[in-house]
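The listed protein sequences derive, respectively, from chains A and B. Just so we're aligned: 205 in this note's numbering is position 178 of the first sequence, and the numbers increase by one with no gaps anywhere. Just so we're aligned: 18 in this note's numbering is position 1 of the second sequence, and the numbers increase by one with no gaps anywhere. Written out below as structure tokens is the structure these notes cover.
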Amino acid sequence: LPADFDWREHGAVTAVKNQGSCGSCWSFSTTGALEGANFLATGKLVSLSEQQLVDCDHECDPEEPGSCDSGCSGGLMNSAFEYTLKAGGLMREEDYPYTGTDRATCKFDKSKIAASVSNFSVISLDEDQIAANLVKNGPLAVAINAVFMQTYVGGVSCPYICSKRLDHGVLLVGYGSSGYAPVRMKEKPYWIIKNSWGENWGESGFYKICRGRNICGVDSMVSTVAAVQTS
Amino acid sequence: SDSLIRQVVGGADDLLGAEHRHFELFKRRYGKSYGSQEEHEHRFKVFRRNLRRAQRHQKMDPSATHGVTQFSDLTPSEFRKSFLGLRSRLRLPSDANTAPILPTED
Numbered sequence: 028l029p030a031d032f033d034w035r036e037h038g039a040v041t042a043v044k045n046q047g048s049c050g051s052c053w054s055f056s057t058t059g060a061l062e063g064a065n066f067l068a069t070g071k072l073v074s075l076s077e078q079q080l081v082d083c084d085h086e087c088d089p090e091e092p093g094s095c096d097s098g099c100s101g102g103l104m105n106s107a108f109e110y111t112l113k114a115g116g117l118m119r120e121e122d123y124p125y126t127g128t129d130r131a132t133c134k135f136d137k138s139k140i141a142a143s144v145s146n147f148s149v150i151s152l153d154e155d156q157i158a159a160n161l162v163k164n165g166p167l168a169v170a171i172n173a174v175f176m177q178t179y180v181g182g183v184s185c186p187y188i189c190s191k192r193l194d195h196g197v198l199l200v201g202y203g204s205s206g207y208a209p210v211r212m213k214e215k216p217y218w219i220i221k222n223s224w225g226e227n228w229g230e231s232g233f234y235k236i237c238r239g240r241n242i243c244g245v246d247s248m249v250s251t252v253a254a255v256q257t258s
Numbered sequence: 018s019d020s021l022i023r024q025v026v027g028g029a030d031d032l033l034g035a036e037h038r039h040f041e042l043f044k045r046r047y048g049k050s051y052g053s054q055e056e057h058e059h060r061f062k063v064f065r066r067n068l069r070r071a072q073r074h075q076k077m078d079p080s081a082t083h084g085v086t087q088f089s090d091l092t093p094s095e096f097r098k099s100f101l102g103l104r105s106r107l108r109l110p111s112d113a114n115t116a117p118i119l120p121t122e123d
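Shown next as structure tokens:
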């Protein structure tokens, strides 16, 4: 595994987006992972529609009817992948633009699918496995506890204590080996995470969190998706 | 010994003044406005609490920088309700696989 790796440098990550005042983080994590996988499969970086997921994805928990993806009220990346697999794919952002509200009816147009899911998998808690899947399969959909993110301005976040109760969906796009942690007086490896709060938040829209101890639950729910190869 | 210690900086009034200035800068930078004087005062109180929260986060997370963000006028529950959105209680759908173990040496 390379010591440092960043899919942004390989052109597999679209611009930072903004979910606005809507609990749709899960849809941005899902589109980000599929955008990367589609780039690996086709060589083309296409921005995909979160609004299609917000409006049309009502995939439910197989064992708990009523617990479903619910637009601005929340959802889960894995069920969004399941929806995308069943629906056939996601449309382009520009064909189904984001509005940040979930009162609209579904306007999915099958003839305008821009990327499709061939399969998706859940990765174990092992950080080497997460890094290997990141390098091999593209950016990964991950969940995290966002408590420190409300006040985060920059640097490598490495809190002494952080809840592992997952409440936010984001995209893992890379990792670095040398974020300096002064109080720990040593270089700390970190994950590079693309968030969906716009470019004015954090480090131009990105969050760095140190690796090693499943901090804030960042290793707990990691999924990879593979896109259908187009001829 | 008390007579040897003379307070040379302002007390609570100065801090409040600084927090007001912070809040004005925050509103200007993020384009915030509030519909009524009551809402404005409420948001200022929340902002002050979040300034202290950022200080606590800074102590607990010294390798990062914590401070004022676009969410500094929101309570933690408003922040969670409006800007997150993960339903972690959902279980894995039927088509989810377990990723194969990849080599991580050389």
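Here a beta-carbon is modelled for each residue, glycine too, at the ideal position from N, C-alpha and C.
- If you draw a straight line from the Cα of Lys139(A) to the Cα of Ser74(A), it comes to about 13 Å.
- As DSSP reads the structure, Asn114(B) sits in a beta bridge with Ser148(A).
- Separation of the CB atoms of Glu109(A) and Pro79(B) is rounded to 41 Å, and the pair is thereby denied contact status at 8 Å.
- Residues of chain A whose Cβ lies closer than 7 Å to the Cβ of Gln87(B) are, in chain order, Asn227, Trp228.
- Assigned with DSSP and collapsed to three states, Arg119(A) falls in strand.
- In this structure, Pro29(A) sits away from Val169(A), with a CB-CB distance that is not shorter than 9 Å.
- The beta carbon of Asn67(B) sits closer than 7 Å to those of Ser89, all from its chain and outside the five residues before and after it, given in chain order.
- With three or more CB-CB distances shorter than 8 Å, the region 60-78 of chain A counts as touching the region 38-52 of chain A.
- Rounded to the nearest angstrom, the Cβ distance from Val245(A) to Leu167(A) is 11 Å, too far for a contact under 8 Å.
- Contact annotation: Gly116(A) and Ser143(A) have beta-carbon atoms nearer than 9 Å.
- With a threshold of 16 other beta carbon atoms within 10 Å, Ser94(B) falls short and is exposed.
- Here Ile220(A) is buried, its C-beta having at least 16 other C-beta atoms within 10 Å.
- With respect to chain B, the C-beta atom of Trp218(A) has no partner C-beta closer than 9 Å.
- Counting along the chain, the unbroken alpha helix (DSSP H) around Ile157(A) starts and ends at 154-164.
- Not a single CB atom of chain A sits nearer than 9 Å to the CB of Gly52(B).
- Note: Asn45(A) is bridge-paired with Trp224(A) in the DSSP secondary-structure output.
- Within the same chain, Cβ atoms closer than 6 Å to the Cβ of Ser184(A) are found at Phe175, Ile236, the five residues on either side in sequence being excluded.
- In the structure shown, Glu230(A) falls within a strand segment according to DSSP collapsed to helix, strand and coil.
- For the pair Gly70(A) and Met118(A), the Cα-to-Cα distance works out to about 17 Å.
- For the pair Gly102(B) and Ser190(A), the CB atoms are not nearer than the 9 Å cut-off.
- Rounded to whole angstroms, the Cβ separation of Thr178(A) and Arg70(B) is 6 Å, and the two are in contact under 8 Å.
- In this structure, DSSP gives Val197(A) an extended state, which the three-state scheme calls strand.
- For Ala253(A) against Ser94(A), the beta-carbon gap comes to about 26 Å, at or over 8 Å, which does not count as contact.
- Going by beta carbons, Asn105(A) and Ala116(B) fall outside the 9 Å limit.
- Taking a cut-off of 8 Å on C-beta distances, the region 119-127 of chain A touches the region 77-93 of chain A, as three or more cross pairs fall below it.
- For Ser204(A) against Asp31(A), the beta-carbon gap comes to about 5 Å, under 8 Å, which counts as contact.
- Buried is the label assigned to His74(B), since at least 16 other Cβ atoms lie within 10 Å of its Cβ.
- Exclusion of the five residues before and after Gly127(A) leaves Gly47, Cys49 as the residues of its chain whose Cβ lies within less than 6 Å of its Cβ.
- In this structure Ser105(B) does not touch Leu72(A) by the C-beta definition: roughly 29 Å separates them, more than the 8 Å allowed.
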